[in-house]
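Colleague: First the structure, which I've put down as structure tokens, then a few questions once you've had a look.
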Amino acid sequence: MPRALQVLNAAPEGDDAEARAELRTIAGVLARARREIATLRPHHLRSDTIPSADAELDAIVRDTEAATHTIMGAAEMMLACDAPTFAAYRTEVQAQALTIFEACSFQDITGQRVSKVVAALHEVETRIARLSEALGQAEEALGGPARQSLLNGPALTGPETTQAAIDALFEADQAPLPPSRF
Amino acid sequence: MAVDMQMPILVVDDYKTMVRIIQNLLKQLGFTNLDDAACGEEALEKLRESEFALVISDWNMEPGTGYELLQSVRADDKLKETLFIMVTAESKSENVIAARKAGVNSYIVKPFNAATLKAKMSAVIGDF
Numbered sequence: 001m002p003r004a005l006q007v008l009n010a011a012p013e014g015d016d017a018e019a020r021a022e023l024r025t026i027a028g029v030l031a032r033a034r035r036e037i038a039t040l041r042p043h044h045l046r047s048d049t050i051p052s053a054d055a056e057l058d059a060i061v062r063d064t065e066a067a068t069h070t071i072m073g074a075a076e077m078m079l080a081c082d083a084p085t086f087a088a089y090r091t092e093v094q095a096q097a098l099t100i101f102e103a104c105s106f107q108d109i110t111g112q113r114v115s116k117v118v119a120a121l122h123e124v125e126t127r128i129a130r131l132s133e134a135l136g137q138a139e140e141a142l143g144g145p146a147r148q149s150l151l152n153g154p155a156l157t158g159p160e161t162t163q164a165a166i167d168a169l170f171e172a173d174q175a176p177l178p179p180s181r182f
Numbered sequence: 001m002a003v004d005m006q007m008p009i010l011v012v013d014d015y016k017t018m019v020r021i022i023q024n025l026l027k028q029l030g031f032t033n034l035d036d037a038a039c040g041e042e043a044l045e046k047l048r049e050s051e052f053a054l055v056i057s058d059w060n061m062e063p064g065t066g067y068e069l070l071q072s073v074r075a076d077d078k079l080k081e082t083l084f085i086m087v088t089a090e091s092k093s094e095n096v097i098a099a100r101k102a103g104v105n106s107y108i109v110k111p112f113n114a115a116t117l118k119a120k121m122s123a124v125i126g127d128f
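Respectively, the protein sequence lines represent chains Y and U. So for the first sequence, our numbering puts the first residue at 1; every next one is plus one. So for the second sequence, our numbering puts the first residue at 1; every next one is plus one.
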């Protein structure tokens, strides 16, 4: 039995029975929360799961950046190719095209990394849900500053507003714009 | 009036790969007087130090988003006439409307291709 409850039960009853009952309820909730937190293995989440996911995401950014630079480098080489003969030009282009194919293997690696991150997120989500249930917490509406509402990043299934729709918005609004001096 | 292909253009994006993509596309279009910045804050510093005809900027960057950069440019008497094209993955209509109200000249949603960049630039600086 938690220490708080022991103290409450051992103290003589007085006029504050209602307050004691409330305190016993609170002590019970806290004890339940502590037990639930212990089963969540927060130390494991903090020391292993989340840092691993962070590392995987950092690696994804690093790998995709490296692959993109390799691909662009090969494309730049092809564009700048000034071989003396068509045969030499073709050899150079083929070599660079092969470099591009090799660089595209990043997609396989990053796909696997993403799967690991998703698994880590599921683990965290499950544990939070269990804790939330144990505490009987209702979800609160989250508000954010107006600035954050314009920072959403890329939509999951492609642009929410197509380029054509954006162009139409601009055409509809014919407000004059500042002229350029160039 | 013919477009000055030597016009100084500032490309602003926190992803170096995107800066490289846009600059390569601009070079293919014939523009070679290019500079870049990695965030709104750095871009504003460069804009106050040198003259740029056109800014091509991402939105989602820190410190200083592309939207905040646009607002700063339009609020500055010396910079307010700078042409500004937003190139961004922010595709909600609220973003487009906010940028338009802030004075953006054109808005390109990512991913985009060379033809779209050329078309939007032509709409802003003239045919080339």
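Quick reminder that beta carbons are idealized off the backbone N, C-alpha and C, glycines included. Note that the structure is predicted; figures quoted are calculated from it, not measured.
Between leucine 83 of chain U and leucine 44 of chain U, is the Cβ-Cβ spacing less than 7 Å?
Modeller: Their beta carbons are not under 7 Å apart, which means leucine 83 of chain U does not touch leucine 44 of chain U by this criterion.
Colleague: Counting only Cβ pairs nearer than 9 Å, list the residues of chain Y close to isoleucine 108 of chain U.
Modeller: Under the 9 Å cutoff, chain Y gives Gln163 and Ile166.
Colleague: Return helix, strand or coil for glycine 143 of chain Y, following the three-state DSSP convention.
Modeller: Interpretation of glycine 143 of chain Y is limited by its pLDDT of 47, a score under 50 that renders its predicted location unreliable; the figure taken from the coordinates is listed afterwards. Reduced to three states, the DSSP call for glycine 143 of chain Y is coil.
Colleague: Could you please give me the residues that DSSP links to methionine 86 of chain U through a beta bridge?
Modeller: Looking at the DSSP assignment, methionine 86 of chain U forms a beta bridge with U/Ser57 and U/Tyr107.
Colleague: Which residue marks the beginning of the alpha helix (DSSP H) containing aspartate 58 of chain Y, and which one marks its end?
Modeller: From DSSP, the alpha helix (DSSP H) with aspartate 58 of chain Y extends over 50–80.
Colleague: Counting beta carbon pairs with one atom in the stretch 144–159 of chain Y and one in the stretch 14–28 of chain U, are three or more of them shorter than 8 Å?
Modeller: With a cut-off of 8 Å, the stretch 144–159 of chain Y and the stretch 14–28 of chain U do not count as touching, because too few Cβ pairs lie within range.
Colleague: Should alanine 74 of chain Y and threonine 99 of chain Y be called a contact, given that it needs their Cβ atoms to be closer than 7 Å?
Modeller: In this structure, threonine 99 of chain Y lies closer than 7 Å to alanine 74 of chain Y by Cβ.
Colleague: Would you mind telling me which residues of chain U sit closer than 8 Å to leucine 57 of chain Y, beta carbon to beta carbon, in chain order?
Modeller: Those within 8 Å of leucine 57 of chain Y in chain U number zero; the least Cβ separation is about 15 Å.
Colleague: Let me know if alanine 119 of chain Y comes out buried or exposed under the rule of 16 or more other beta-carbons within 10 Å of its beta-carbon.
Modeller: Label assigned to alanine 119 of chain Y: exposed.
Colleague: Going by C-alpha to C-alpha distance, which of Y/Leu23, Y/Gly158 and Y/Ala172 sits closest to lysine 92 of chain U?
Modeller: Comparing Cα-Cα distances from lysine 92 of chain U to each of Y/Leu23, Y/Gly158 and Y/Ala172, the minimum goes to Y/Gly158.
Colleague: Return the CA-CA distance between arginine 187 of chain Y and serine 105 of chain Y, expressed in angstroms with no decimal places.
Modeller: Outside the displayed span of chain Y (1 to 182) sits residue 187 of chain Y, for which this structure offers no information.
Colleague: Mind checking whether leucine 150 of chain Y and valine 96 of chain U have CB atoms under 7 Å apart?
Modeller: Cβ atoms of leucine 150 of chain Y and valine 96 of chain U: not closer than 7 Å.
Colleague: Per the contact definition of three or more C-beta pairs closer than 8 Å, is the stretch 69–85 of chain Y in contact with the stretch 124–137 of chain Y?
Modeller: Taking 8 Å as the limit for Cβ pairs, the verdict is that the stretch 69–85 of chain Y does not touch the stretch 124–137 of chain Y.
Colleague: Along the stretch 68–85 of chain Y, what residues have a CB closer than 9 Å to any CB found in chain U?
Modeller: Correct list: Thr68, His69, Met72, Ala75, Glu76 and Leu79.
Colleague: Can you pull the chain Y neighbours of serine 50 of chain U, defined as C-beta to C-beta under 9 Å?
Modeller: Ordered by position in chain Y, no residue passes the 9 Å Cβ test against serine 50 of chain U, which lies about 13 Å from the chain.
Colleague: Three-state secondary structure (DSSP) at leucine 151 of chain Y?
Modeller: Three-state result, leucine 151 of chain Y: coil.
Colleague: Looking at valine 12 of chain U and isoleucine 22 of chain U, is the spacing between their C-beta atoms short of 7 Å?
Modeller: Not in contact: isoleucine 22 of chain U and valine 12 of chain U (Cβ atoms no closer than 7 Å).
Colleague: So aspartate 127 of chain U is in the beta strand (DSSP E); what residue range does that whole segment cover?
Modeller: Aspartate 127 of chain U -> no beta strand (DSSP E), and no H or E assigned at all.
Colleague: Excluding sequence positions up to five away, which residues of its chain have a Cβ less than 8 Å from the Cβ of valine 124 of chain U?
Modeller: Hits under 8 Å: Leu54, Leu83, Ile85, Asn105 and Ser106.
Colleague: Quick one: does glutamate 160 of chain Y have its CB under 7 Å from some CB of chain U?
Modeller: Yes, glutamate 160 of chain Y lies at the interface with chain U (some Cβ there is under 7 Å from its Cβ).
Colleague: Use the C-beta contact count for glycine 126 of chain U: other C-beta atoms within 10 angstroms, 16 or more gives buried, fewer gives exposed.
Modeller: It is exposed - the Cβ of glycine 126 of chain U has fewer than 16 other Cβ atoms within 10 Å.
Colleague: Valine 61 of chain Y: buried (16+ other C-beta within 10 angstroms of its C-beta) or exposed?
Modeller: Under this definition valine 61 of chain Y is an exposed residue.
Colleague: Per DSSP, what are the beta-bridge partners of isoleucine 9 of chain U in this structure?
Modeller: Answer is U/Leu34 and U/Leu54.
Colleague: For threonine 32 of chain U, return the contacting residues in chain Y, with the cut-off set at a CB-CB distance below 8 Å.
Modeller: Near threonine 32 of chain U there are no residues of chain Y at all, since even the closest Cβ is about 14 Å away, more than 8 Å.
Colleague: For leucine 70 of chain U and glycine 30 of chain U, which I take to be in contact (beta-carbon distance under 8 Å), what is that distance rounded to the nearest angstrom?
Modeller: Rounded, the Cβ-Cβ distance is 26 Å, inconsistent with contact.
Colleague: Based on Cα-Cα distance, which residue from Y/Glu92, Y/Pro84, Y/Ala67 and Y/Phe86 lies nearest to methionine 78 of chain Y?
Modeller: Minimum Cα distance to methionine 78 of chain Y is reached at Y/Glu92.
Colleague: For aspartate 16 of chain Y, does the three-state DSSP call read helix, strand or coil?
Modeller: Correct three-state label for aspartate 16 of chain Y: coil.
Colleague: Please decide whether serine 91 of chain U counts as near chain Y, where near means a Cβ-Cβ distance under 7 Å.
Modeller: Taking Cβ atoms only, chain Y reaches closer than 7 Å to serine 91 of chain U, which makes this a yes.
Colleague: Measure the C-alpha to C-alpha separation of threonine 88 of chain U and methionine 61 of chain U and round it to an integer number of angstroms.
Modeller: So the two alpha carbons sit approximately 10 Å from each other.
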